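Novice: Below are the structure tokens for one structure; questions will follow.
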């Protein structure tokens with residue numbers, strides 16, 4: 205598809221660099237909308253009075269026409285499947301071509317502590333450290349590389365890909381909820 209993803213943030217370039225590094229690197233450009241503060245966000249109507257911006261996705265075609273807008277709560281993650289459909293619909297070369305089939309889900313681990321996570325998730329890093337500090341063995345499943353893992357997390361997390369999500373001997377904990385973890389693990 206003839207598409208370019210661009211990340212825009214009202215944060216400084218140093219902050220964006222640190223964020224990109226925390227993700228293990230990214231494969232698209234980031235624009236710092238820092239000075240004059242939020243001018244791009246303001247232009248698109250997503251600059252908040254507090255000085256930060258809404259989490260928003262704009263799909264703009266080659267002629268500069270906005271074809272899709274998704275503005276949602278900062279804590280919500282947009283649907284990549286929905287976004288892919290929108291982008292494919294704009295590109296005549298791929299619009300009617302079937303998508304590549306997704307890999308078949310693999311058997312996911314059960315028993316003990318299983319943490320569903322991503323490489324870039326800050327709460328996942330905190331949870332790893334917390335588990336290590338308490339000398340609790342766990343199995344880690346990366347939802348971005350393990351077929352079927354993201355879909356399993358979505359079932360547990362009301363359609364969201366919330367990480368970390370834990371399966372502790374069949375009890376599900378969505379997000380790193382330390383009090384709930386302590387209660388379940390009796391520590």
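Residue numbers (our numbering): 205 to 391.
Built from N, CA and C at the ideal position, the CB exists for glycine as well.
Nothing here was measured: the structure is a model prediction, and the numbers come from that model.
#1: Would you decide whether residue 242 is buried or exposed? Buried here means 16 or more other CB atoms lie within 10 Å of its CB.
#2: For residue 210, is the classification buried or exposed, using 16 other Cβ atoms within 10 angstroms of its Cβ as the cut-off for buried?
#3: When burial is assigned at 16 or more other CB atoms within 10 Å of the CB, is residue 349 buried or exposed?
#4: Can you pull the DSSP bridge partners for residue 251?
#5: Just tell me which of 217, 259, 289 and 368 has its CA closest to the CA of residue 330.
#6: Considering only the beta carbon of each residue, do residue 231 and residue 258 sit closer than 9 Å?
#7: What are the partner residues of residue 336, as DSSP defines its beta bridges?
#8: Could you check the C-alpha separation between residue 364 and residue 358 for me, to the nearest Å?
#9: Report yes or no: is there a C-beta of chain D within less than 9 Å of the C-beta of residue 288?
#10: If we ignore side chains and look at the alpha-carbon of each, how far apart do residue 260 and residue 320 end up?
Specialist: Taking the coordinates as given:
#1: buried
#2: exposed
#3: exposed
#4: 257
#5: 368
#6: no
#7: BP columns for residue 336 are empty, so no partner.
#8: 5 Å
#9: Within the model displayed, chain D is absent; a lone protein chain is all it includes.
#10: 26 Å
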